[in-house]
Amino acid sequence: MDGLLALYIFTLAAFTGYEIIAKVPVILHTPLMSGSNFVHGVVVVGAMLMLGTADTVVQQAIGFFAVALGAANAAGGYVVTERMLAMFKKKEA
Amino acid sequence: MTLPIYVQGAWYLGALLFIFGLKGMGSPASARKGIVIAGYGMLLAIAATFLIPGLQNLALMALALVVGGAVAWISGKKVKMTDMPQMVAIYNGMGGGAAAAIAAIEFAKGDAHSVVTTILAVLGALIGAVSFTGSCVAWAKLQGVLKKAHRLPAQNAVNVVLALVAVGLGAAMVVLAPAQPELIFGFFAIALVLGLIVTLPIGGADMPVVISLFNAFTGLAVGFEGYVLGNPALIIAGIVVGAAGTLLTQLMAKAMNRPLSNILFTPMVASGPGEAISGSMKEVGAIDAAAMMRYASKVIIVPGYGMAVAHAQHKVWEMTALLEEAGVEVKFAIHPVAGRMPGHMNVLLAEAGVPYDKIFDLEEINGEFGQADVALIIGANDVVNPTARTDKSSPIYGMPILNADMAQNVIVIKRGKGTGYSGVENALFYTDNCRMLYGDAQPMAGEIIQQLKAMG
C-alpha cells in the first residue's frame with residue numbers, strides 16, 4: 415500500500431478514536447473498553463488472509479492458531495459487551 | 256493481491272459500521288444498538304473474506320473460526336459480572352496473539368517488502384506479543400490464579416534490558432530481511448517473555464489500567480499488521496481502538512491519581528508513617544442505621560467493590576426502593592475506580608436493576624454530600640478517605656475522593672476494621688459523625704430491609 419496514503423488513514427483513524435471516547439460518560443468506560451476490544455477482533459480477517467495463503471504446514475499451523483485466537487477475540491468481545499450493555503435501562507417498568 | 260470490488264466494499268462497510276457502533280456505545284441509551292451495529296460489521300467483514308477467489312485452506316479456516324468463536328462465546332455467556340475485567344483481558348490478549356501470529360507467518364514466508372512495511376510488521380509483532388502474554392498475566396492475577404506480585408531484584412533494569420534486546424532483534428529482522436528462522440524465533444520468544452516480565456510485578460489494584468493499555472496495544476498491533484496486509488479495514492479498526500484505548504488508559508490513570516509510569520515501574524508503597532489519626536471507631540446496629548435513613552430526606556449510597564464481592568447489589572436496590580417509598584431521596588455516588596475498572600460498578604448496579612439516572616459520577620455528586628443526611632458506604636474504603644485531600648505523605652494523596660465526610664451522618668458497612676486496597680488507614684471512620692456497621696454487606700443490607708419494613 416502507498417505509504418503516504420496509509421499515513422493519512424492512520425492519522426484520521428487516530429483522531430476518530432480520540433473523538434469517539436473523549437465525550438463518553440464514565441459509566442460507559444468498562445463497556446466501551448470491552449466494545450473496542452471487540453472491534454480489534456477484526457484481526458481475524460487478517461488471520462484468515464494469512465491462513466488462506468499459507469503454503470507450508472508450519473504456516474498453516476500458525477495460521478490456524480491466529481484465526482482461532484482472532485475469532486475468540488471477536489466472539490468473546492461481542493458477547494461480553496452485549497451482556498453488559500443490555501443491562502443499561504433507564505427506568506424500571 | 257487484487258481483490259474483487261464486492262470484497263473491498265464489504266470491508267469498507269464493515270469499518271464504517273465499527274465506527275458508528277463505537278459512536279453509539281458512547282451514550283447509555285444507544286449503547287446496546289452500538290454493539291449490535293459493530294457486530295454486523297464484523298460478520299460482514301468475515302463473510303466477505305470467504306468470498307476472495309483463490310484462498311486455500313478454507314475448511315481449516317472454518318474450523319478455526321468455529322472452535323475459537325464457540326469457546327469464547329460460551330465462556331463469555333457464562334462469566335459473572337464481577338469477573339468481567341479479566342474476561343476482557345483474556346479476549347484482548349487473544350487479539351494481540353493473533354496479530355503477532357499474522358506477522359510470524361509474514362516473516363516465515365519471507366516475501367520481499369519495503370523497509371516501512373517490514374518495520375511496521377516487526378512493531379506490530381512486538382506489541383501484539385507483549386499484549387498477548389501480558390494480558391494472560393492480567394487475567395491470572397484478577398482471577399486469583401496468580402496471587403502475589405512477583406518482583407525481580409532490579410526489576411526495572413531487567414525490563415529495560417529485555418525491551419532493548421527485543422528492539423535490537425526487531426531491528427536485525429528489518430536489516431537482514433528476509434530473516435532466518437532462528438532470528439524470527441528468538442525475536443518472538445523475547446517479545447513474549449517481555450510481556451510476562453513487565454506485567455508480573457504489577458499489583459491487582461493497578462491491573463484495570465494495564466488491561467486498558469494492552470487493549471490499546473492490541474489495537475495498534477492490528478492496525479500495523481493491517482498495513483502489512485494492505486487492508487484498510489484492519490488499519491482503521493486497529494488505529495481507532497489504539498487511539499481510543501490510549502485515551503481511556505489516561506483517563507483511568509488520572510482517576511486513580513497514578514501516572515502510568517508509576518503503575519508500570521513502581522510498586523504502591525506508603526512513603527511515610529502518615530499523620531496520626533485521632534478519635535475512635537463507633538459501632539452502630541442495623542436498627543439505628545435503618546432509622547437514620549428512614550427519617551432522612553436525602554441519602555447518598557457509595558458502593559465499592561466489597562459490595563460486589565458480597566453480591567449485595569440486589570439487596571441494596573431493594574433497600575433503596577423501600578427508602579424511596581418512604582419519601583427519601585436516594586442517589587448512588589460512583590467513584591471513577593469503584594469496582595475493578597471505570598464503569599464496572601455501574602455495570603454491577605445495572606445488573607441489579609438500578610436505573611442509570613440514579614447513578615452519579617464524582618464530579619456530579621460531590622457538591623451534594625453537604626445536603627445529604629446520610630452517606631451510606633458499602634464495601635468502599637480508599638475512595639472516601641479524606642486523607643487523600645490532606646496528608647501529603649499518604650500514598651493516596653491527591654486522588655480525587657467522594658466527599659462522604661461532608662454528609663450529616665456517615666454509615667459504613669464493612670466486614671472488619673482492616674484497611675482498603677492501598678493499605679492506608681481511613682480517617683473518615685474515626686470522625687464524630689461516622690458510625691460503623693460491621694458485617695457482610697449482603698446480610699447487613701437484608702437486616703436493614705427487615706427493619707425498614709418493620710417501620711412501615
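Chains A and B supply the protein sequences, listed in that same order. 415 is the number of the first residue of the first sequence in our numbering; add one for each residue after it. 256 is the number of the first residue of the second sequence in our numbering; add one for each residue after it. A virtual CB, placed ideally from N, CA and C, is assigned to each residue, including glycine. If you're wondering where the values come from, they're calculated on a predicted model, not measured in any experiment.
I'd like the span of the alpha helix (DSSP H) that includes residue i, first residue to last.
| i | result |
| --- | --- |
| Phe584 (chain B) | It should be noted that the sequence gives Glu, not Phe, for residue 584 (chain B). Not the alpha helix (DSSP H): Glu584 (chain B) falls in the beta strand (DSSP E), residues Glu584 to Ile589. |
| Ile542 (chain B) | Ala541 to Arg549 |
| Met562 (chain B) | Tyr560 to Val564 |
| Arg690 (chain B) | Arg690 (chain B) -> not in any alpha helix (DSSP H); beta strand (DSSP E) instead, spanning Cys689 to Tyr693. |
| Gln311 (chain B) | Per DSSP, Gln311 (chain B) belongs to no alpha helix (DSSP H) and is neither H nor E. |
| Phe502 (chain A) | No alpha helix (DSSP H) contains Phe502 (chain A), which DSSP labels as neither H nor E. |
| Thr337 (chain B) | Neither: Thr337 (chain B) is in no alpha helix (DSSP H) and is coded neither H nor E. |
| Ile374 (chain B) | Val370 to Gln398 |
| Val291 (chain B) | Ala286 to Phe305 |
| Thr444 (chain A) | His443 to Val453 |
| Asn517 (chain B) | Leu515 to Phe520 |
| Asn601 (chain B) | His599 to Ala607 |
| Thr430 (chain A) | Gly417 to Ala436 |
| Val732 (chain B) | Because chain B is modelled from 256 through 711, residue 732 (chain B) falls outside the range shown and cannot be assessed. |
| His268 (chain B) | Before going further, note that residue 268 (chain B) is Leu rather than His in the sequence given. Where Leu268 (chain B) is concerned, the enclosing alpha helix (DSSP H) stretches over Ile260 to Gly279. |
| Glu702 (chain B) | Ala696 to Met710 |
| Thr504 (chain B) | Pro487 to Ala510 |
| Leu463 (chain A) | Val457 to Gly466 |
Taking residue i as part of the beta strand (DSSP E), name the residues at either end of that continuous run.
| i | result |
| --- | --- |
| Arg497 (chain A) | It is not in any beta strand (DSSP E) - Arg497 (chain A) instead sits in the alpha helix (DSSP H) that spans Val471 to Leu499. |
| Ile452 (chain B) | Note, Ile452 (chain B): premise wrong, no beta strand (DSSP E); alpha helix (DSSP H) at Pro436 to Thr454. |
| Met428 (chain B) | Premise fails: Met428 (chain B) lies in the alpha helix (DSSP H), Gln410 to Val430, not in any beta strand (DSSP E). |
Given that residue i touches chain B, what residues does it touch there, using C-beta distances under 8 Å?
| i | result |
| --- | --- |
| Leu483 (chain A) | Gly323, Met349, Gly350, Gly352, Ala353 and Ala356 |
| Val472 (chain A) | Ala363 |
Taking residue i as the reference, which of the options has the closest Cα?
| i | options | result |
| --- | --- | --- |
| Ile357 (chain B) | A:Ala489, A:Gly484 and A:Phe502 | A:Gly484 |
| Gly351 (chain B) | B:Val496, B:Val291, B:Gly269 and B:Phe275 | B:Val496 |
| Glu538 (chain B) | B:Asn664, B:Met428 and B:His599 | B:Asn664 |
| Gln410 (chain B) | B:Ile452, B:Ala393, B:Cys391 and B:Lys647 | B:Ile452 |
| Ile434 (chain A) | B:Val334, B:Val291, B:Leu313 and B:Leu503 | B:Leu503 |
| Leu578 (chain B) | B:Ile704, B:Gly289, B:Gly425 and B:Lys278 | B:Ile704 |
| Asn487 (chain A) | A:Asn451, A:Met462 and A:Phe502 | A:Asn451 |
| Gly431 (chain A) | A:Ile441, A:Ala461, A:Gly449 and A:Leu499 | A:Gly449 |
| Ala662 (chain B) | B:Ile556, B:Gly701 and B:Glu573 | B:Ile556 |
| Val465 (chain B) | B:Gly711, B:Gly423 and B:Ile345 | B:Ile345 |
| Ile382 (chain B) | B:Ala427, B:Gln311 and B:Phe479 | B:Phe479 |
| Val639 (chain B) | B:Ala498, B:Ser390 and B:Phe684 | B:Phe684 |
| Ala581 (chain B) | B:Pro463, B:Ser552, B:Phe362 and B:Ala659 | B:Ser552 |
| Arg513 (chain B) | B:Ala460, B:Val392 and B:Leu449 | B:Ala460 |
| Tyr550 (chain B) | B:Val583, B:His569, B:Lys570 and B:Ala541 | B:Val583 |
| Phe520 (chain B) | B:Gly622, B:Ala412 and B:Gln626 | B:Ala412 |
| Met596 (chain B) | A:Pro439, A:His443 and A:Gly455 | A:His443 |
| Lys613 (chain B) | B:Thr642, B:Pro558, B:Cys689 and B:Pro487 | B:Pro558 |
| Val385 (chain B) | B:Phe469, B:Tyr652 and B:Ala427 | B:Phe469 |
| His569 (chain B) | B:Pro433, B:Ala696 and B:Val334 | B:Ala696 |
| His434 (chain B) | B:Ile374, B:Gly474 and B:Met562 | According to the sequence shown, residue 434 (chain B) is Ala rather than His. Among B:Ile374, B:Gly474 and B:Met562, the Cα nearest to that of Ala434 (chain B) is on B:Ile374. |
| Gln706 (chain B) | B:Leu272, B:Ser467 and B:Ile542 | B:Ile542 |
| Ile228 (chain B) | B:Thr575, B:Glu619 and B:Asn517 | Nothing in the structure corresponds to residue 228 (chain B), since chain B is present only between 256 and 711. |
So with CB distances below 8 Å, who are the chain A contacts of residue i?
| i | result |
| --- | --- |
| Asp616 (chain B) | Pro439, Val440 and Ile441 |
| Ser467 (chain B) | Met447 |
| Lys332 (chain B) | Val493 and Arg497 |
| Ile274 (chain B) | Thr430 and Ile434 |
| Arg287 (chain B) | Glu496, Leu499, Ala500 and Phe502 |
| Ala488 (chain B) | Val456 and Val459 |
| His599 (chain B) | Thr444 |
Name the DSSP bridge partner or partners of residue i?
| i | result |
| --- | --- |
| Phe615 (chain B) | B:Ala588 |
| Lys553 (chain B) | B:Glu584 |
| Glu538 (chain B) | B:Met691 |
What does residue i reach in chain B if we use C-beta pairs closer than 7 Å?
| i | result |
| --- | --- |
| Tyr422 (chain A) | Chain B residues near Tyr422 (chain A): none, gap ~10 Å exceeds 7 Å. |
Along chain B, in chain order, which residues have C-beta atoms closer than 9 Å to that of residue i?
| i | result |
| --- | --- |
| Leu418 (chain A) | Under the 9 Å cutoff, chain B gives no residues; its nearest Cβ is about 10 Å from Leu418 (chain A). |
Using the beta-carbon of each residue, which ones in chain A are nearer than 7 Å to residue i?
| i | result |
| --- | --- |
| Phe440 (chain B) | The premise fails here: Phe440 (chain B) is roughly 11 Å from chain A at the closest Cβ pair, so nothing lies under 7 Å. |
| Lys278 (chain B) | Ile434 |
| Pro502 (chain B) | The residue asked about is misnamed: residue 502 (chain B) is Leu in this sequence, not Pro. The contacting residues are Tyr432, Ile435 and Ala436. |
| Asn470 (chain B) | Met447, Ser450 and Asn451 |
| Ala359 (chain B) | Ile476 |
So residue i contacts chain A; which residues on that side make the cut at Cβ distance below 9 Å?
| i | result |
| --- | --- |
| Trp328 (chain B) | Ala486, Ala489, Gly490, Tyr492 and Val493 |
| Tyr267 (chain B) | Neighbours of Tyr267 (chain B) on chain A: none; closest Cβ ~12 Å, over 9 Å. |
| Val539 (chain B) | In chain order: nothing, as chain A lies at least about 30 Å away. |
Minimum length 4: unbroken alpha helix (DSSP H) runs contained in the stretch 625-684 of chain B: 642-645
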